[in-house]
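Chains as they are written, first to last, in my numbering: chain A, 1 to 259; chain B, 1001 to 1284.
Just so it is clear, CB atoms sit at the ideal spot from N, CA and C, and this is done for glycine as well.
This one's a predicted model, so the numbers in the text were calculated from it and none came from an experiment.
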Amino acid sequence: MGSRIEILNEAGFRSDGRRQHELRDLNIDLSRHGEADGSALISHGLTQVLVSVHGPREAKMRSHTFHDRANINVEVTVASFSTGERRKRLRGDKRILEFAATIKATFEPVIRTSLYPRSQIDIYIQVLQQDGGTLQTCINGTTLALINAGIPMTDFVCAISGGVHSTSPMLDLTTLEENDIPHVTVAVMPKAKKVVLVTMETRLHVDRFEEILNLARDAGSILHREMKEAVLNRSISLVSTAGPAQLREKGEDDMNVDY
Amino acid sequence: MRPPSPSIPEKEFTYGALKQNIRLDGRIPLEMRSPTITFGPELGWVECALGKTRVIAYVEGKMVKPTPERPFEGIITIHSEISPMASSEYETGRPSEEEVTITRMLDKAIKRSDAVDKESLCISAGQRVWHIRLTVHFLTDGGNMLDCACLAGIIALRHFRRPEVEVIGEDEVIHSPLERAPVPLAIHHSPYCFTFAFFPDSETSPVLDPSQLEQRLSAGLMSIALNAQKEICVLQKLGGVPQDTDEILRLVKVAVAQAKDLSDLVDAKLREDWEWRRSKVEVI
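This is the structure in structure tokens:
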């Protein structure tokens, strides 16, 4: 099926009309979701993930507490309607367990866990739609949800997938492209310019790998800009809703205060 | 019950030594323990040891009906379970996080990288294919069980010979090894896995092939599976200490050089074993 689709045509366009280095539309919704302390609904193109963060709070199980830092608990559920083929994935599936362990290990060095000894931070990830780059969307969503919950972190974590079609590298792959070409997911800390996570599961020559790794690192800073803007907009909207209330407390005479 | 983590003096001593590029077993940071490979009497049985880590891999084949989705392809399954035999740290039942990582990594490095040609395992389309089953037993955990298991697995697959099968009309005739020489599996490439451990102190250089103590004290691992043709099959750095891209690329280059050496060693060992077997046949 895959081989009949042209991944990159002669004019340099991909199957969905993007250029090689063009990212998909990024949508971020940071509004409050249910009982969660912080949540984020994020979509990279057609891949959509809902992340909710609870905590830091008391751990349900005593054995899960550490005396010097917070425990991070990640649970991932993949909706059975998220892919083209309807498939039920059990929670004990090794692939999902690995997925959760990956996200946990990615955020462990970034979250300042030592500030919350004996507590637990729960991250619940709900994969709603999958069209390539599920891991990158989950990581970006988790970063935003953690920020939304006000949990201190040393830096953003921005993840992006990349692939190589014969010799031309491209970014942010869809399922179609993922099935056909070798692909890498890279998570970077944009401020420190360091790489937290790299995973690749398909065969690729060393030289090509170097190229795509550097490209993905640069793309991380673009994502960082977008994510930062979303956080800022959310803060501004929160301030503006809280604004008039404070204003009334101060009295009617200082109405002209510039917010 | 988990055994206690390394004591504070042990921890400080190891970190201190590593900071000066000294490892407790006398290796330099980017040196691998040299593997010991022992072949059993049967084809496809191999014991592989890296220092104190010991792993047995065993390959067997049987004929089954293929899945309806892939009627032309044989089936390969990898079974690996870490029993408490390896170390008292492991329990039977619910797989630990480490076990999940090892199983998935073996699956990716050996199965998903298409190391074994699956179409050549087909006997008659839609009717009969070979089901190759690779079982990995972890005997002792001396650190870095993943690399050892991956090495043992790929050697076992290359060592294995399946009896020749001939299709005559509707019937399948299995020739016994005495009648016709058994045939090896069609191997596209041999991936070897290398694991690097990073430490919390950013000045300590990463080490290749961590021992059990080093692995427990590490703050993140990076595993690279690649073949002698310089193709990376799996690269996995799941969280842990953030690293520069240059550092990652440097380690990839180290792994490339190691893969070449290891591949030569494995080729030599397999040839040696084959020569030995041939001489045995002549004596009989």
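Apply the 10 Å Cβ neighbour rule to residue i and answer buried if 16 or more other Cβ atoms are within range, or exposed otherwise.
i: B:P1191; result: buried
i: B:E1272; result: exposed
i: A:K191; result: exposed
i: B:K1280; result: exposed
i: B:K1065; result: exposed
i: B:F1160; result: buried
i: A:F99; result: buried
i: B:V1136; result: buried
i: B:E1099; result: buried
i: B:A1149; result: buried
i: A:N233; result: exposed
i: B:K1062; result: exposed
i: B:Q1020; result: exposed
i: A:A242; result: exposed
i: A:L171; result: buried
i: B:R1162; result: buried
i: B:P1068; result: exposed
i: B:L1024; result: exposed
i: B:L1178; result: exposed
If distances are taken between C-alpha atoms only, which option among the options comes closest to residue i?
i: A:E6; options: A:H205, A:R225, A:L176; result: A:L176
i: B:I1240; options: A:S240, A:L23, A:G55, A:V198; result: One detail in the question is off: residue 1240 of chain B reads as Gly in this sequence, not Ile. The shortest C-alpha separation from B:G1240 is found at A:V198.
i: A:M93; options: B:Q1229, B:T1103, B:T1092; result: Position check: residue 93 of chain A holds Asp in this sequence, whereas Met was assumed. With distances taken between Cα atoms, A:D93 lies closest to B:T1103.
i: B:T1014; options: B:K1108, B:R1216, B:P1095, B:P1177; result: B:R1216
i: B:K1269; options: B:F1039, B:E1031, B:E1097; result: B:F1039
i: B:S1176; options: B:E1164, B:W1045, B:I1248; result: B:E1164
i: A:Q126; options: A:V195, A:L50, A:L173; result: A:L50
i: B:V1254; options: B:L1238, B:L1213, B:C1193, B:R1277; result: B:C1193
i: A:D68; options: A:P117, A:G17, A:P182; result: A:P117
i: B:S1120; options: B:E1012, B:P1071, B:K1260; result: B:P1071
i: A:L204; options: A:L215, A:H183, A:V53, A:D25; result: A:H183
i: B:G1156; options: B:P1029, B:A1257, B:V1059; result: In the sequence on display, residue 1156 of chain B carries Ala and not Gly. It is B:V1059.
i: A:V195; options: A:N214, A:D29, A:I181; result: A:N214
i: A:N179; options: A:S237, A:G133, A:S80, A:S82; result: A:G133
Apart from the five residues on each side of it in sequence, which residues of its chain come closer than 6 Å, Cβ to Cβ, to residue i?
i: B:Y1090; result: I1082, P1084
i: A:R208; result: V164
i: B:P1200; result: A1219
i: A:K250; result: Note on A:K250: pLDDT 49, under 50, position unreliable in the model; the coordinate value appears next. So the list is empty, once near-sequence residues are dropped.
i: B:T1204; result: L1018, K1019
i: A:N27; result: S43
According to DSSP, what are the bridge partners of residue i?
i: B:C1295; result: Outside the displayed span of chain B (1001 to 1284) sits residue 1295 of chain B, for which this structure offers no information.
i: B:P1035; result: B:L1050
i: A:S119; result: A:E58
i: A:T185; result: A:S161, A:T199
i: B:T1140; result: B:R1054
i: A:L26; result: A:H44
i: A:S52; result: A:S39, A:Y124
i: B:C1193; result: B:A1225
i: B:K1237; result: A:V198, B:M1222
List the whole-angstrom C-beta distance separating residue i from residue j, where the pair is believed to meet the contact cut-off of C-beta under 8 Å.
i: A:L144; j: A:V239; result: Not confirmed; about 18 Å, so no contact.
i: B:Q1236; j: B:M1105; result: 7 Å
i: B:A1115; j: B:I1154; result: 7 Å
i: A:I123; j: A:A187; result: No, A:I123 and A:A187 are not in contact; Cβ-Cβ is about 15 Å, not under 8 Å.
i: B:G1074; j: B:K1011; result: About 48 Å; that fails the 8 Å criterion.
i: A:Q136; j: A:I160; result: 6 Å
Going along the chain, which residues of its own chain have a beta-carbon closer than 8 Å to the beta-carbon of residue i, five neighbours each way excluded?
i: A:I222; result: L23
i: A:Y259; result: Any reading at A:Y259 is ruled out, since the residue's pLDDT is 41, under 50, leaving its predicted position unreliable.
Grab me the residues of residue i's own chain with a C-beta within less than 7 Å of its C-beta, minus the 5 sequence neighbours each way, in chain order.
i: B:K1111; result: I1076, I1078
i: B:L1139; result: R1054, V1055, I1056, M1085, A1086
i: A:T154; result: V110, R112
With a threshold of 8 Å (Cβ to nearest heavy atom), would residue i be considered close to the ligand SAH?
i: A:T113; result: No copy of the ligand SAH occurs in the structure displayed, which carries no ligand at all.
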